[in-house]
């Protein structure tokens, strides 16, 4: 009995131990399960965090790229605005400074309605030699001629209205109630600006009423300046001693059968000057000159440096280039006025006429344009009296005023010597 009880106790004790072990194992398994679930949750949470971080990085990159693109666009706009607005302001500031520094020796004369023209005279007269520049150019072209002629006569150069340092024609459309001003207004408005009639009227006021230069006059003109000189001589023949026409522009230039000059003038020359005018207004022309892309029109070994600087200044001046455009634009009206005057009144035979042309073609123009110009010059010679003197200058082209001025000087001196001999003879006979 006692043995049986002892065995039962051992069995119960083993069961109890086994139960305790099972509970301990179950508790351990439970803890492991809980730990595994917690680990999985942590892994999942870590993955979610990584996904969020990845999305945030993508957003940051997108926002960063957007900001960089916006910054790039803003930067380009800034540079574009700088290119648009800065050059015109810098050009304007430079023009104001150069206007004072590069002004040539001379005076400004009021020719009416407050419009002032630039005139520079050197030497003593009479006679008075008046030099008139080619189409769209100012008095700088005559620099070398003035230096040589001023020892023998009173030599005057001027800038036509709007060119160089002269003011543009004023637009005065409504006269006041004063009858005299009404009369003056009608007189002033009867000729269009930038035509030969208006140019001659301006010149006559300039050298008579305004500056009172001594007569007689020897008028020297190149290209359009030659038309102005002829027109003046037709109207005021008693004041004119002689004409020297250098590569004269003929009113028949556009009437040739092939019309090459008509097409070139309005299809190439005028648009080119309009482009230069726009470039000057935008300040681009100054940049072109600084970079060497553009060159000033007066070039020669003997051209003074101040003339070169002044020509660059004028190329950057919209007002000057506006007048260059206008002189080209109204050339047909100028030709018509010249033809009409020749029909009404012939040139006085007492006026000595000398025509100078070069035997070299202009290298800047195609051959067919040079040939058409030469034909027009021959047509012009037939319109003068039989005593016209035509000289072909060897080695010269249409730029002879500042590249080979000696023949021009000699042609003027020849007229002066003849006039002085006539005066001596007249004085001897009177005595």
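Numbering (full-length UniProt numbering), first residue to last: 1 to 431.
Even glycine gets a Cβ: it sits at the ideal position worked out from N, Cα and C.
May I ask which residues mark the beginning and end of the beta strand (DSSP E) holding residue i?
i           : result
residue 116 : 116-122
residue 132 : 128-132
residue 389 : 389-393
residue 348 : Premise fails: residue 348 is in no beta strand (DSSP E) and is neither H nor E.
residue 158 : 154-158
residue 240 : 240-246
Mind checking whether residue i and residue j have CB atoms under 8 Å apart?
i           : j           : result
residue 109 : residue 139 : no
residue 215 : residue 128 : yes
residue 411 : residue 354 : yes
residue 356 : residue 382 : no
residue 334 : residue 227 : yes
residue 436 : residue 145 : Residue coverage of the chain in this structure runs from 1 to 431, which leaves residue 436 outside it and unanswerable.
residue 219 : residue 232 : yes
residue 338 : residue 237 : no
residue 222 : residue 200 : no
residue 375 : residue 300 : no
residue 270 : residue 325 : yes
residue 106 : residue 89  : no
residue 206 : residue 298 : no
residue 162 : residue 273 : no
residue 347 : residue 234 : yes
residue 306 : residue 102 : yes
residue 380 : residue 193 : no
residue 289 : residue 315 : yes
residue 121 : residue 213 : yes
residue 277 : residue 322 : yes
Tell me the DSSP secondary structure of residue i in three-state form.
i           : result
residue 107 : strand
residue 358 : strand
residue 42  : Caution applies to residue 42, whose pLDDT of 47 falls short of 50 and renders its modelled position unreliable; the value that the coordinates give is listed next. It is helical.
residue 208 : helix
residue 280 : helix
residue 136 : coil
residue 220 : strand
residue 399 : coil
residue 168 : coil
residue 113 : coil
residue 252 : coil
residue 231 : helix
residue 186 : Here the model assigns residue 186 a pLDDT of 49, short of 50, so the residue's position is not dependable, and the following value carries that caveat. It is helical.
residue 384 : coil
residue 332 : helix
residue 292 : coil
residue 363 : coil
residue 1   : Only weak support exists for where residue 1 lies, its pLDDT of 48 falling under 50; the coordinates are left without a value.
residue 414 : helix
residue 425 : helix
residue 194 : coil
residue 274 : helix
residue 200 : helix
residue 287 : helix
residue 299 : coil
residue 91  : helix
residue 404 : coil
residue 102 : coil
residue 225 : helix
residue 163 : coil
residue 96  : helix
Write down the C-beta distance between residue i and residue j rounded to the nearest angstrom, noting that I regard them as a contact closer than 8 Å.
i           : j           : result
residue 284 : residue 296 : Rounded, the Cβ-Cβ distance is 16 Å, inconsistent with contact.
residue 154 : residue 124 : 6 Å
residue 164 : residue 320 : 7 Å
residue 331 : residue 261 : Actually they do not touch by this definition, with Cβ atoms about 10 Å apart.
residue 143 : residue 407 : Not quite, the Cβ-Cβ distance comes to about 16 Å (not below 8 Å), so this is no contact.
residue 91  : residue 310 : Their Cβ separation, rounded to whole angstroms, is 16 Å, which puts residue 91 and residue 310 out of contact at 8 Å.
residue 147 : residue 229 : 21 Å between Cβ atoms; not a contact.
residue 359 : residue 388 : Actually they do not touch by this definition, with Cβ atoms about 18 Å apart.
residue 280 : residue 317 : 6 Å
Would you kindly report the start and end of the unbroken alpha helix (DSSP H) that includes residue i?
i           : result
residue 376 : 367-381
residue 311 : 305-315
residue 437 : Given that the chain is displayed from residue 1 to residue 431, the structure contains no residue 437 and the question cannot be resolved.
residue 318 : 318-329
residue 261 : 260-264
Is residue i near the ligand NAD, with its Cβ less than 7 Å from a heavy atom?
i           : result
residue 337 : What this structure holds is no ligand at all, so the ligand NAD is not there to describe.
- Item | the stretch 232-241 contacting the stretch 142-154, beta-carbon criterion three pairs below 8 Å | no
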